[in-house]
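Protein chains in written order, with this note's numbering: chain Z, 1 to 236; chain G, 1 to 236. Glycine included, every Cβ here is placed at the ideal spot set by N, Cα and C. Below is one structure, written out as structure tokens; the observations come after it.
Protein chains: 2
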Amino acid sequence: MKVSGILYGVGIGPGDPELLTLKAVAILKKADVIAVPKSKEEADSRALSIVEKMVDCKGKEILELILPMTKEKEILAKARKEVAALISEKLKQGKVVACITLGDPLFYSTFSYLIPLVMNALPEVTVKIIPGVSSINAASSAALLPLAEADEKIAVIPSTYEQEGLKEIIRGFDTVVLMKVNRVMDKVLTVLEELALKGKATFVSRAGWPEEMVIRDLDSLKGKELDYFSMVIVKK
Amino acid sequence: MKVSGILYGVGIGPGDPELLTLKAVAILKKADVIAVPKSKEEADSRALSIVEKMVDCKGKEILELILPMTKEKEILAKARKEVAALISEKLKQGKVVACITLGDPLFYSTFSYLIPLVMNALPEVTVKIIPGVSSINAASSAALLPLAEADEKIAVIPSTYEQEGLKEIIRGFDTVVLMKVNRVMDKVLTVLEELALKGKATFVSRAGWPEEMVIRDLDSLKGKELDYFSMVIVKK
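Written as structure tokens, this is what we have:
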């Protein structure tokens, strides 16, 4: 079915409203619907509050997309299908839907799961992605730490990865960005100690947010409760 | 020496002027000096022409930083030192200097080499980085291809890397971004064929530029002259 609506995936950057792109602002201004993925647990969407600082959302429909944080595949699949149906419904009505994502829409985001579901339901729909400043670039800026130069190699990995694999990757790359370190910091510290690389590692949380933290003495993080939006950059 | 000037490294995004961030525009507007790294060979700076589309540069000093494209370390070191001295001079005069970089200033950029040189010359100077949308996020958007989801691992590597190492990395990661493929496309094709992954690879050049190309049939690129700003994303 040919539909006149357009679906935009809009990256709104790492957290600083000023790091929205001109294009993101322009798309959000013209959008009829702002779609906001969120987990059931949180009351407010940080992404939406960032957008509201830069774009007048009065008169726009805010479409909440509830995607629970769970590993249970059936619950997830059902939630995604329902959410994709909500978006498709708006598109069929000819509406311009902008689905917002912190960082970049195709870099560890929930939005990327929704694209094939919407495209399956509406094969002829137009989907466009507005890339955003990703969290790893924001963290590297906050720490004044180049991610890569010249012929260097970068690995970006979730820290939930098992210990031996983690070591091997750190050995093989010039820069390793460990995402989602909050729950596994002690394991990461052990690995870095064993590789004698603790001095080459920097912890960054909420880069670009008012609460931004850059910590170069990783030992000071031992046993502490860490923010969900945190990573470690290892640069040899 | 305490200096009142400020050095900004400003990421201007992948090429589309609309992908400048609000913050980049604000810094460029207030800057006294726009520093523009360029190789001797090219007559015009693409980065500057992008900035000029969004920011009125009349009355601002344009400081060209000539950094030749060469592997000769002595020539490079000398050029970088001279260029850092030019920047430091402006900072000593109390000027706000914005050094512009395509993409992100700390992601495979020339600017990152200049930071320590300027900071050595002026230890108390303020250096701030404004992150930008990087080429890999722009390419992933152009190709509608998520770089990573959930617990996936990403490797970003220059394709000049030797064949066996390339294979090993492609085997070990969910997504591999091969930068600078223009001169080694035939080698990359051979590697992908041997791994039976050619169908999982997408070529993107000049993402976000008017000349943007997304090519999914990699065989069509065999023997062709390719753009300098091109990459291949392998997503398994």
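Using a C-beta cutoff of 9 Å, does residue i count as contacting chain G?
i	result
Met69 (chain Z)	no
Lys23 (chain Z)	yes
Thr202 (chain Z)	no
Leu226 (chain Z)	no
Val191 (chain Z)	no
Val188 (chain Z)	no
At the level of alpha carbons, what is the spacing between residue i and residue j?
i	j	result
Glu152 (chain Z)	Val133 (chain G)	19 Å
Met231 (chain G)	Lys180 (chain G)	6 Å
Lys40 (chain G)	Lys236 (chain Z)	31 Å
Phe107 (chain G)	Pro37 (chain G)	15 Å
Lys30 (chain Z)	Phe229 (chain G)	31 Å
Ser159 (chain G)	Leu166 (chain G)	8 Å
Leu298 (chain Z)	Asp174 (chain Z)	This structure cannot settle anything about residue 298 (chain Z), because the visible part of chain Z is limited to 1 through 236.
Ala84 (chain Z)	Leu48 (chain Z)	19 Å
Leu122 (chain Z)	Ile215 (chain G)	23 Å
Lys92 (chain Z)	Lys92 (chain G)	59 Å
Gly59 (chain Z)	Ala98 (chain Z)	14 Å
Leu225 (chain Z)	Leu218 (chain Z)	Residue identity differs from the one stated: residue 225 (chain Z) is Glu in this sequence, not Leu. Approximately 13 Å, taken between the alpha carbons.
Leu28 (chain Z)	Lys187 (chain Z)	41 Å
Thr126 (chain Z)	Pro210 (chain G)	19 Å
Thr70 (chain Z)	Leu102 (chain Z)	19 Å
Glu64 (chain Z)	Val3 (chain Z)	22 Å
Cys57 (chain G)	Leu76 (chain G)	29 Å
Cα-Cα, which of the options is closest to residue i?
i	options	result
Val177 (chain Z)	Z:Ala155, Z:Lys198, Z:Tyr161	Z:Ala155
Thr202 (chain Z)	Z:Arg171, Z:Ala142, Z:Gln163	Z:Ala142
Gly208 (chain G)	Z:Asp16, Z:Thr21, Z:Leu86	Z:Thr21
Lys200 (chain Z)	Z:Gly223, Z:Asn182, Z:Arg171	Z:Arg171
Glu89 (chain G)	G:Pro68, G:Asp174, G:Phe173, G:Leu7	G:Leu7
Ala196 (chain G)	G:Lys2, G:Leu86, G:Val234	G:Val234
Ser205 (chain Z)	Z:Asp44, Z:Val55, Z:Leu221	Z:Leu221
Ser109 (chain G)	Z:Glu18, Z:Lys2, Z:Glu149	Z:Glu149
Glu194 (chain G)	G:Asn182, G:Gln163, G:Met213	G:Gln163
If you follow the beta strand (DSSP E) that residue i is part of, which residue opens it and which one closes it?
i	result
Glu149 (chain Z)	Premise fails: Glu149 (chain Z) is in no beta strand (DSSP E) and is neither H nor E.
Thr202 (chain G)	201-205
Val127 (chain Z)	126-130
Leu218 (chain Z)	Element bounds for Leu218 (chain Z): n/a, residue is neither H nor E.
Glu64 (chain Z)	61-66
Ile100 (chain Z)	96-101
Checking contacts by CB at 9 Å: is residue i closer than that to chain Z?
i	result
Gly9 (chain G)	yes
Ser141 (chain G)	yes
Lys182 (chain G)	What sits at residue 182 (chain G) in the sequence shown is Asn, not Lys. No, its Cβ sits nowhere closer than 9 Å to a Cβ of chain Z.
Gly5 (chain G)	no
Val125 (chain G)	no
Ala77 (chain G)	no
Met54 (chain G)	yes
Phe173 (chain G)	yes
Pro210 (chain G)	no
Lys153 (chain G)	yes
Ala138 (chain G)	yes
Thr101 (chain G)	no
Ser39 (chain G)	no
Between the beta-carbon of residue i and the beta-carbon of residue j, is there less than 9 Å?
i	j	result
Pro146 (chain G)	Ser112 (chain Z)	yes
Ile100 (chain G)	Val10 (chain G)	yes
Val33 (chain Z)	Glu52 (chain Z)	no
Gly5 (chain Z)	Lys81 (chain Z)	no
Lys23 (chain G)	Asp104 (chain Z)	no
Pro68 (chain G)	Ser140 (chain Z)	no
Ile157 (chain Z)	Leu144 (chain G)	no
Ile66 (chain Z)	Ala79 (chain Z)	yes
Going by DSSP, what residue range makes up the alpha helix (DSSP H) through residue i?
i	result
Lys78 (chain Z)	73-92
Lys23 (chain G)	22-30
Thr190 (chain G)	185-194
Pro116 (chain G)	111-121
Ile50 (chain Z)	46-54
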